[in-house]
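Okay, so here's the structure we're looking at.
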Amino acid sequence: MMSLLYGLYEYLTKKEEFRILILGLDKSGKTNVLERIKSIFSSVIGLDPGKILPTVGLNVGRIELDGAKLVFWDLGGQSGFRSLLSKY
7 MMSLLYGLYE YLTKKEEFRI LILGLDKSGK TNVLERIKSI FSSVIGLDPG
57 KILPTVGLNV GRIELDGAKL VFWDLGGQSG FRSLLSKY
């Protein structure tokens with residue numbers, strides 16, 4: 007009975023999730039775009055563009071809007087990571 011109620015609760019409160027991949031070359035402003043999006047659509051204040059360091063690996067940003075969850079993946083553009091881009 008409890009699993010039935012939990013399933014009903016999940017169905018009624020579930021938000022659709024979208025995953026967005028931000029790709030680009032070195033120093034092209036991918037992290038700046040991610041921080042700007044986070045500061046516009048959430049209560050989190052984004053980092054100052056002068057304080058953003060080059061991305062090593064990836065940055066993940068999550069935003070919840072009215073009926074959806076957005077997950078942004080910001081992959082580093084260094085030449086060492088470019089071989090991994092086909093996996094995403």
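End of the sequence shown = 94 in the numbering used here, gap-free, step of one. Don't be surprised by glycine CBs; every beta carbon is placed ideally from N, CA and C. Since this is a predicted model, take the numbers as computed values, not measurements.
Would you list the residues sitting across from residue i in a DSSP beta bridge?
i   : result
K75 : E23 and E70
D80 : I28 and N65
Helix or strand or just coil, what does DSSP make of residue i?
i   : result
I28 : strand
L53 : coil
L18 : helix
S85 : coil
M8  : helix
Considering just the uninterrupted stretch of the alpha helix (DSSP H) at residue i, what are its terminal residues?
i   : result
I46 : K36 to F47
Does at least one heavy atom of the ligand FMN sit under 8 angstroms from the Cβ of residue i?
i   : result
E70 : Among the components modelled here there is no ligand, and therefore nothing to report on the ligand FMN.
Using the Cα positions of residue i and residue j, report the straight-line distance between them to the nearest angstrom.
i   : j   : result
S48 : G63 : 24 angstroms
G86 : L59 : 17 angstroms
Q84 : S34 : 11 angstroms
* Asked: Does the region 67-81 come close enough to the region 8-20 that 3 or more CB-CB pairs lie under 8 angstroms?
  -> no
* Given 8 angstroms as the limit, is there contact between the region 77-84 and the region 24-34, that is, 3 or more CB pairs closer than that? -> yes
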